[in-house]
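The numbering of the sequence shown is the numbering used here, which starts it at 1114 and goes up by one. We treat Cβ as the ideally placed atom computed from N, Cα and C, and that holds for glycine.
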Amino acid sequence: MLRPMPPQPVDELPIYDAHGPREECGVIGIHAPRTDVARLTYFGLHALQHRGQESAGIAVSDGRRLKLHKRLGLVSQVFDVEALGRLADGDEGRIAIGHTRYSTTGSNSLPNVQPVYAGSELGELMLGHNGNLVNATWLRDELGEQGVEFVSASDTEVLAKLIAHAPGRGWAQRVEYAFHRASGAFTFTMLTVNALVAARDPIGFRPLCLGRLPGGGWAVASESTALDAMGARFVRDIDAGEIVVIDDEGVHSHRPRLGDDRERLCIFEYVYLARPDSVIGGRLLYEARLRMGQRLALEHPAEADVVIPVPDSAIPAAIGFAEACGLPYREGLIKSRYVGRTFIQPGQTGRDEAVRMKFNPLPEVLTGKRVVVVDDSIVRGTTTAPIVAMLRRAGAREVHVRIHSPQMKFPCYMGVDTGRRAELIAATHGLEQIRQAIGADSLGYLSQEGLEAAIGRGEGRHCTACFDGRYPTDVPLDVDKFALERG
Ligand code: SF4
């Protein structure tokens, strides 16, 4: 009998001065004999760069041994022709996995970069993970008592070693064991000498899809846009709780019985995290975001002259809002494409500087106008206020803020960096207080019903915990001990 997992404390999540909730990670997997799989994986990782900009890695199997290259930095900084050539090493390889990382457990340091390695009596494995294990501390202690050693502070190494040391004669059985022991979000790709394993946790917080390569190989990726970049044709989403093993015999799908767990895909994938050109759950995100803007206009119309987005993620919703209101859509803020992670001074002065580095207003669009500015979310409110002030300085007569998601009142423990509850402005302020804090003339959020209707997959299929506190899994109570009561 497997022992139930108690909720476990995790370290406080790192806090960054981010415009919105921070991305998590992106994963790739390829099984394609007689193909330069490292190069294909590199193309796929480029398409997932938005999911993590701190580090990247690729691991390759040539059928005899595993090879790995990983570093801190963007995909284009981590890999060059020589690095990709060493992964191929005269032999084109057969199987590869890739990873882009944004750290939510463990710091941004080389030992925590993925893929991570684990040895077992079934053979060696490498694993890249998207999500966050909420009981990683507990599992790590338990494995440590069995003599398993760890070289990093990441929950991904815990997951890899949990699978490596699990009972079971095959990889699918070992992953199923991990499904019962691990708690939280863990979509992953795993490389062994002769197989690619891909899986989504039983709740399916993070997406994963399967594609077919032109030469007959297979590819899996966090988002379909990465399949496009690798020249693969989208076949289907991998289901919550599904384990896919791809070897020379083909694709083997395992759907273990896991009780009454049902998919709760993170709704923020639709709002913000995934690229607009990705298809998740049969929905093109660009169109879903257009509909979010249309619904937002119905719920919170504004007397205004022009609609602008906070680029880039709010562009489709702003277009939808403008269409629904019969107002002109314009670009009133131009975003610098080259501002990545910056050193930001604490305090409001630093945040103002960060906003100025990222956005430049167009007075020609704004002067004398009543402006609706559409954004995807307000987390702390500390970047929305400088944006509103910037629009006013550029000549806007009125600024009406519209948000195409509900108020974010609860933190995420499943791999998205939202900050702690006390820092979420909607957790401690009413709507009018938030309006005053950001300096807007009016403020409106899309309702949860409106958001789910805009996505169009039906109610109850998504994790909406950061809006309503209803976490689909145990969460660490010590960070916010009232979170579950409020749900
Ligand atoms: S808590 Fe929010 S960000 Fe985290 S998985 Fe749920 S919906 Fe997504």
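Go through its chain and collect everything with a Cβ distance to ASP1581's Cβ below 6 Å, but skip five positions before and after it.
Your numbering for residue 1581 matches position 468 in the sequence shown. Excluding positions up to five away in sequence, the list is empty.
Boundaries of the beta strand (DSSP E) in which TYR1383 is found, first to last residue:
For the purposes of this step, residue 1383 is taken as residue 270 along the sequence shown, with counting starting at 1. Neither: TYR1383 is in no beta strand (DSSP E) and is coded neither H nor E.
MET1521 by DSSP, collapsed to three states: which one?
Here residue 1521 is taken as the residue at index 408 of the sequence shown, counted from 1. MET1521 sits in coil when the DSSP states are folded into three classes, being neither helix nor strand.
Neighbourhood of GLU1289 by C-beta, 8 Å cutoff - its chain only, sequence neighbours within 5 removed:
On the sequence shown, residue 1289 is found 176 positions in, with the first residue counted as 1. For GLU1289, where only same-chain residues beyond five positions count, the Cβ hits under 8 Å are GLY1281, ILE1356, HIS1367 and PRO1369.
Separation of LEU1398 from GLN1546, as counted between CA atoms
On the sequence shown, residue 1546 is found 433 positions in, with the first residue counted as 1. On the sequence shown, residue 1398 is found 285 positions in, with the first residue counted as 1. If you take the alpha carbons of GLN1546 and LEU1398, they lie about 32 Å apart.
For the segment 1316-1398, which segments carrying the alpha helix (DSSP H) assignment without a break, of at least 4 residues, lie completely within its bounds, in sequence order?
Restricted to the segment 1316-1398, the alpha helix (DSSP H) segments that are unbroken, complete and at least 4 residues in length are 1337-1342, listed in chain order.
Looking at GLN1259 and SER1168, is the spacing between their C-beta atoms short of 9 Å?
Your numbering for residue 1168 matches position 55 in the sequence shown. Your numbering for residue 1259 matches position 146 in the sequence shown. Taking a C-beta distance under 9 Å as the contact criterion, SER1168 and GLN1259 do not qualify as a contact pair.
Can we count THR1601 as close to the ligand SF4, meaning its CB is less than 8 Å from some heavy atom?
As displayed, the chain neither begins before 1114 nor continues past 1600, which places residue 1601 out of reach and without an answer.
Would you kindly work out how many angstroms separate the C-alpha atoms of GLU1400 and LEU1235, rounded to a whole number?
Taking the first residue of the sequence shown as position 1, residue 1400 is located at position 287. Taking the first residue of the sequence shown as position 1, residue 1235 is located at position 122. Rounded to whole angstroms, GLU1400 to LEU1235 spans 45 Å at the Cα level.
Around the Cβ of TYR1558, are there at least 16 other Cβ atoms within 10 angstroms (buried) or fewer (exposed)?
On the sequence shown, position 445 is the one that residue 1558 refers to. Per the 10 Å Cβ criterion, buried.
On the three-pair Cβ rule with 8 Å, is the segment 1409-1420 touching the segment 1438-1447?
Under the 8 Å Cβ criterion, the segment 1409-1420 counts as touching the segment 1438-1447, having at least three qualifying pairs.
Are there any heavy atoms of the ligand ATP lying less than 8 Å away from the beta-carbon of TYR1526, as far as the coordinates show?
Questions concerning the ligand ATP fall outside what the structure shown contains, since the ligands it does hold are the ligand SF4.
Three or more beta-carbon pairs under 8 Å between the segment 1312-1321 and the segment 1346-1363, yes or no?
Enough Cβ pairs lie closer than 8 Å, so yes.
Run the CB neighbour count on VAL1358, radius 10 Å, all protein chains shown included, and call it buried at 16 or more, exposed below.
Looking up residue 1358 in the sequence shown gives position 245. Taking all protein chains in view, the Cβ of VAL1358 is crowded by 16 or more other Cβ atoms within 10 Å, so the residue is classified as buried.
Rounded to the nearest angstrom, how far is the Cβ of PRO1524 from that of ARG1534, given a contact under 8 Å?
Start at 1 with the first residue of the sequence shown, and residue 1524 comes out as number 411. Start at 1 with the first residue of the sequence shown, and residue 1534 comes out as number 421. Contact check for PRO1524 and ARG1534: beta-carbon distance about 5 Å, within the 8 Å limit, so the pair qualifies.
Buried or exposed by the 16-neighbour rule on C-beta atoms within 10 Å, applied to ILE1447:
Position 334 of the sequence shown, counting from 1, holds the residue named residue 1447. ILE1447 comes out exposed.
Reference CYS1322; option with closest CA among THR1305, GLY1571 and ALA1312
Your numbering for residue 1322 matches position 209 in the sequence shown. Measuring from the Cα of CYS1322, the nearest candidate turns out to be ALA1312.
Given a threshold of 16 other Cβ atoms within 10 Å of its Cβ, counted over all protein chains shown, does MET1118 qualify as buried or as exposed?
Counting from one through the sequence shown, the residue named residue 1118 turns up at place 5. Low confidence applies here, because MET1118 scores a pLDDT of 34, under 50, leaving its location unreliable; read the following figure in that light. Burial call: buried.
Below 9 Å between beta carbons: does that hold for THR1148 and LEU1326?
Start at 1 with the first residue of the sequence shown, and residue 1148 comes out as number 35. Start at 1 with the first residue of the sequence shown, and residue 1326 comes out as number 213. Against a cut-off of 9 Å, the Cβ pair of LEU1326 and THR1148 comes out as a contact.
Cβ-based burial, GLY1372 [other Cβ within 10 Å; buried from 16]:
Within the sequence shown, the letter at position 259 stands for residue 1372. Its Cβ having fewer than 16 others within 10 Å, GLY1372 is exposed.
Looking at C-beta atoms only, is the number of pairs between the segment 1517-1531 and the segment 1461-1476 that lie closer than 8 Å three or more?
Contact between the segment 1517-1531 and the segment 1461-1476 is absent, because fewer than three Cβ pairs lie under 8 Å.
Nearest CA to the CA of SER1216: which residue from ASN1225, HIS1163 and PRO1476?
As a position in the sequence shown, residue 1216 is number 103, starting the count at 1. It is ASN1225.
Could you tell me which residues DSSP pairs with PRO1422 in its beta bridges?
Against the sequence shown, residue 1422 aligns to sequence position 309. Per DSSP, the beta bridge partners of PRO1422 are VAL1487.
ILE1380 Cβ short of 8 Å to the ligand SF4 heavy atom set
One-based indexing of the sequence shown puts residue 1380 at position 267. Distances between the C-beta of ILE1380 and the heavy atoms of the ligand SF4 include at least one below 8 Å.
So does ALA1298 have its beta carbon nearer than 8 Å to some heavy atom of the ligand SF4?
The residue given as residue 1298 occupies position 185 in the sequence shown. Under cutoff, so the answer is yes.
Span of the alpha helix (DSSP H) holding TYR1290?
For the purposes of this step, residue 1290 is identified with residue 177 of the sequence shown, where counting begins at 1. For TYR1290, the enclosing alpha helix (DSSP H) stretches over residues 1284-1294.
Do HIS1159 and ILE1171 have their CB atoms nearer than 9 Å?
Working through the sequence shown from its first residue, we reach residue 1159 at position 46. Working through the sequence shown from its first residue, we reach residue 1171 at position 58. ILE1171 is positioned such that its CB atom lies no closer than 9 Å to that of HIS1159.
Note down, in chain order, each residue of its chain lying with its Cβ closer than 8 Å to the Cβ of ARG1388, except the 5 sequence neighbours on either side.
Your numbering for residue 1388 matches position 275 in the sequence shown. Same-chain partners within the cutoff: ALA1160, HIS1163, GLU1336, THR1338 and LEU1398.
Starting from ARG1534 and walking both ways along the beta strand (DSSP E), at which residues does that stretch end?
Position 421 of the sequence shown, counted from the first residue, corresponds to residue 1534. Run containing ARG1534: none; DSSP gives neither H nor E here.
Could you check what DSSP says for ASN1225 in three-state terms: helix, strand or coil?
As a position in the sequence shown, residue 1225 is number 112, starting the count at 1. Under the three-state reduction of DSSP output, ASN1225 falls in the helix class.
Looking at the structure shown, is PRO1474 part of a helix, part of a strand, or coil, going by DSSP?
In the sequence shown, counting from the first residue as 1, residue 1474 sits at position 361. Three-state result, PRO1474: strand.
Among ALA1209, ILE1143 and ASN1245, which one has its Cα closest to the Cα of GLU1137?
Within the sequence shown, residue 1137 is the residue found at index 24, counting from 1. When each option's Cα is compared against that of GLU1137, the closest is ASN1245.
Do you know how far the Cα of GLY1157 is from the Cα of ARG1346?
Translated into positions along the sequence shown, residue 1346 becomes position 233. Translated into positions along the sequence shown, residue 1157 becomes position 44. Just so you know, the alpha carbons of ARG1346 and GLY1157 end up roughly 13 Å apart.
Reduced DSSP category for THR1455 - H, G, I as helix; E, B as strand; rest coil
Here residue 1455 is taken as the residue at index 342 of the sequence shown, counted from 1. Model confidence at THR1455 stands at a pLDDT of 48, short of 50, so the residue's coordinates are unreliable; what they give is reported in the following sentence. Coil at THR1455, not helix or strand.
Backbone CA spacing between LEU1475 and ALA1266 [nearest angstrom]:
Position 362 of the sequence shown, counted from the start, is the residue given in the question as residue 1475. Position 153 of the sequence shown, counted from the start, is the residue given in the question as residue 1266. If I take the Cα positions, the gap works out to 45 Å.
Out of GLY1324, VAL1333, LEU1386 and GLY1363, which has the shortest C-alpha to C-alpha gap to GLY1528?
As a position in the sequence shown, residue 1528 is number 415, starting the count at 1. Selected option, being the one with the closest Cα: LEU1386.
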